[in-house]
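See structure below.
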Amino acid sequence: MRTAPDLSPRRLSDISPQLQQLKALVVVVDDDTKEELKSSRSVETINNTSIEERILRIAGYYGCSGEEASNDKAPLSKPDEFSMTSSGSQADVSKASRSRKLRCYTQIVMVHLQQALWGVAVTMCVCWSWCGSTQLAKVTLRRLNAPLTITWFSTSWNCLLFPLYYLGYLCCSAERQSPRQRFRECCRFLGDEGLTKRVLVGRVVPFGLLWTLTCYLYLQGLRMIPPTDASALFCCSRAFVFLLSWVVLQQRFMGVRIVAAILSIAGIVMMTYADGFHSYSVFGISLVVASASMAALYKVLFRLFLGSAKLGEAALYLSVLGGANLVFVGVVPLLLLLTGAEELGSLGDVPWACLCGAAALLLVFNFLINFGVLITLPTLISLGVVLSVPVNAVIDRCASEVQFNSVRVIALSVIGVGFLLLLLPEDWDQSLLQLCSALHHYQQPPGGATDTCTETTHVLKSCPSKPASGH
Numbered sequence: 000m001r002t003a004p005d006l007s008p009r010r011l012s013d014i015s016p017q018l019q020q021l022k023a024l025v026v027v028v029d030d031d032t033k034e035e036l037k038s039s040r041s042v043e044t045i046n047n048t049s050i051e052e053r054i055l056r057i058a059g060y061y062g063c064s065g066e067e068a069s070n071d072k073a074p075l076s077k078p079d080e081f082s083m084t085s086s087g088s089q090a091d092v093s094k095a096s097r098s099r100k101l102r103c104y105t106q107i108v109m110v111h112l113q114q115a116l117w118g119v120a121v122t123m124c125v126c127w128s129w130c131g132s133t134q135l136a137k138v139t140l141r142r143l144n145a146p147l148t149i150t151w152f153s154t155s156w157n158c159l160l161f162p163l164y165y166l167g168y169l170c171c172s173a174e175r176q177s178p179r180q181r182f183r184e185c186c187r188f189l190g191d192e193g194l195t196k197r198v199l200v201g202r203v204v205p206f207g208l209l210w211t212l213t214c215y216l217y218l219q220g221l222r223m224i225p226p227t228d229a230s231a232l233f234c235c236s237r238a239f240v241f242l243l244s245w246v247v248l249q250q251r252f253m254g255v256r257i258v259a260a261i262l263s264i265a266g267i268v269m270m271t272y273a274d275g276f277h278s279y280s281v282f283g284i285s286l287v288v289a290s291a292s293m294a295a296l297y298k299v300l301f302r303l304f305l306g307s308a309k310l311g312e313a314a315l316y317l318s319v320l321g322g323a324n325l326v327f328v329g330v331v332p333l334l335l336l337l338t339g340a341e342e343l344g345s346l347g348d349v350p351w352a353c354l355c356g357a358a359a360l361l362l363v364f365n366f367l368i369n370f371g372v373l374i375t376l377p378t379l380i381s382l383g384v385v386l387s388v389p390v391n392a393v394i395d396r397c398a399s400e401v402q403f404n405s406v407r408v409i410a411l412s413v414i415g416v417g418f419l420l421l422l423l424p425e426d427w428d429q430s431l432l433q434l435c436s437a438l439h440h441y442q443q444p445p446g447g448a449t450d451t452c453t454e455t456t457h458v459l460k461s462c463p464s465k466p467a468s469g470h
């Protein structure tokens, strides 16, 4: 079978008639147009080639690029610029990278150090404010037998919380709002209608009564027991919050917190046993425990009906609560003073320094509890409450008001341990397993037996990861 001859041209002379016809079709480019086209690399390549090569490229006889067609007229390529990098420039780049990493690490360390210092400062302020308010309230009660009047006077100072918040808002926030605008915006926390009579009666008055009852029971118990015992027993409110949240809010069951609640109850019993079950201090212990229960009920019901409040909303709510206490609750202490149930005496006999000092320190304590989360962790704020127990113990021991026997010391220690266990996060067990696994892999020698696996590592791999929830 004969194959068809290859008709494709091999030499330029084979297509000379076609070349003559195509030469007549080439248009001479103007000089101005040539100057504009010289900036293009492809145009420069075309201008450097002959007319025959241009025609063959258009006709498709050559599949090579312009650079390959004019191989002997133009250089192949320029030298690679990246291959010209010297060892000195590489050293400069690595040095700059190390300096950037060092600055980054230094900045991270400084941020964490600043947060730690702020946390220590807030913790100490919470400790000293709570300790100071308890000690000054004890001194005031010795000279002034009017616990409800003291409660009304101290709670009325909460009216200053929203103005203090607004001053901080003006200093820190870039957005500036008038006091009325900020007040109305924070009032949305109470409902779409804002602060109305219905909201005031339904959502402010009940919590105001719980607040007043908490402070009143605490002061009544403080009259009968030392400040050390009162501050330690009030720490049990966190255990009561967990128990009520587990029942009412259906929160997650945690065995370690049940143990903490049991330790708190055991500490209360041992505290009662330290002075004897038939002593006068039993009534004081019962009143302080009731005060801690009211405080826990206040927190759980607030979370149930109002949810979690922001900073401005919490400041507004406490200010409204203080104003309602000033207006509505003020009638009750007046009636008690007129009937002789509480003794005030003359205004000159009132220890105004201790009374105002206790109210001011209690205001600082409430301010730090609500706004301290801006600069530190809530756990450190709660830690300041339990640290007030040893501080009160030192003050009471120096004043020779209480004798610390072994049972009392054990009771205080048990309550403190229970409080610290309640500060553990929900995922503390998984974090501990991860830490143990990391230490195990770190201590394992390189090239050792990799098929051996401890029970801790196996449990860690089988446990699903869970995000940490805030408190």
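When we follow numbering that gives the first Met the number 0, the leftmost residue of the sequence shown carries the number 0, and every step to the right adds one.
The beta-carbon is built from N, C-alpha and C at its ideal position, and this holds for glycine as well.
Being a predicted model, the structure only gives us computed values, none of them experimental.
Hey, how far is the Cα of residue i from the Cα of residue j?
i	j	result
T154	A173	32 Å
Q250	L434	26 Å
Q402	F188	48 Å
N404	C170	51 Å
H111	L163	27 Å
A308	R302	9 Å
I257	S285	22 Å
R237	V408	20 Å
R97	L116	28 Å
I380	F161	20 Å
F252	F241	9 Å
A95	L101	10 Å
G207	S399	37 Å
V198	R179	18 Å
W245	R99	49 Å
Y168	T378	24 Å
G344	P350	11 Å
L346	L411	38 Å
T375	F364	15 Å
A392	S93	58 Å
G201	G306	15 Å
S263	I394	23 Å
V372	G339	44 Å
V384	S436	34 Å
Looking only at C-alpha atoms, which of the options sits nearest to residue i?
i	options	result
W129	P389, L360 and L420	L360
G322	C234, V203 and T378	V203
F182	D191, Y165 and K196	Y165
C158	E342, V349, D348 and V326	V326
V247	P178, K94 and F304	F304
F239	L367, L300, F364 and L317	L300
L212	S93, C235 and W151	W151
F366	E192, Y316 and E341	Y316
S132	A398, C353 and V255	C353
G220	F282, L420 and Y272	F282
I267	L346, L373, S292 and S177	S292
L320	L209, I149, L423 and L438	L209
M509	V287, G254 and A259	No information on residue 509 is available, as it lies outside the stretch 0 to 470 that the chain covers here.
L420	L218, A259, L140 and L432	A259
L335	M109, G118, T148 and Q113	T148
A120	N144, L382 and K298	L382
How should residue i be labelled, buried or exposed, when 16 other C-beta atoms within 10 angstroms of its C-beta is the threshold for buried?
i	result
N70	The predicted model places N70 with a pLDDT of 46, which falls under 50 and marks its position as unreliable; any figure quoted below should be read in that light. Counting Cβ neighbours within 10 Å, N70 comes out exposed, since fewer than 16 surround it.
G415	buried
Y215	buried
E192	exposed
M223	buried
E454	Below a pLDDT of 50, predicted positions are generally treated as unreliable, and E454, at 41, falls in that range; no measurement from the model is reported.
P146	buried
I368	buried
D348	exposed
I261	exposed
P463	Unreliable positioning characterises P463 in this predicted model, as indicated by a pLDDT of 48, which lies under 50. The coordinate reading is nonetheless provided below. So P463 counts as exposed.
E487	The chain is shown only over 0 to 470; residue 487 falls outside these bounds and no answer can be derived.
Y272	exposed
C186	buried
S318	buried
T227	buried
Does the ligand GTP have even one heavy atom less than 7 Å from the beta-carbon of residue i?
i	result
A259	For the ligand GTP, the structure offers nothing, since it holds no ligand at all.
Complete runs of the alpha helix (DSSP H) confined to the segment 217-264 [at least 4 residues]
Scanning the segment 217-264 from its first residue to its last, the whole alpha helix (DSSP H) runs of 4-plus residues come out as 226-233 and 236-247.
Please determine if the segment 377-392 and the segment 219-232 are in contact, where contact requires at least 3 C-beta pairs separated by less than 8 Å.
Yes, since at least three Cβ pairs between the segment 377-392 and the segment 219-232 fall closer than 8 Å, the two stretches touch.
Is the segment 115-134 close to the segment 264-280, with three or more CB pairs under 8 Å?
With the cut-off at 8 Å, the segment 115-134 and the segment 264-280 do not touch.
Please determine if the segment 322-333 and the segment 96-109 are in contact, where contact requires at least 3 C-beta pairs separated by less than 8 Å.
Put simply, the segment 322-333 does not touch the segment 96-109. Fewer than three CB pairs are less than 8 Å apart.
Let me know the alpha helix (DSSP H) ranges lying completely inside the segment 366-425, each 4 residues or longer, listed in chain order.
Every alpha helix (DSSP H) stretch that sits fully inside the segment 366-425 and reaches 4 residues is listed by chain position as 377-397 and 405-421.
Stretch-stretch touch, CB-based, cutoff 8 Å, three pairs: the segment 347-357 with the segment 131-146
Output reads yes: the segment 131-146 touches the segment 347-357.
Report the residue ranges of all alpha helix (DSSP H) runs contained in full by the segment 134-187; include only those spanning at least 4 residues, in chain order.
Annotation: the segment 134-187 contains the following complete segments of the alpha helix (DSSP H) (minimum length 4 residues), in chain order: 146-154, 160-171 and 178-186.
Please specify which runs of the alpha helix (DSSP H), each continuous and at least 4 residues long, are wholly inside the segment 299-373, giving them in chain order.
Counting only runs of 4 or more, we get 310-323, 330-338 and 351-370.
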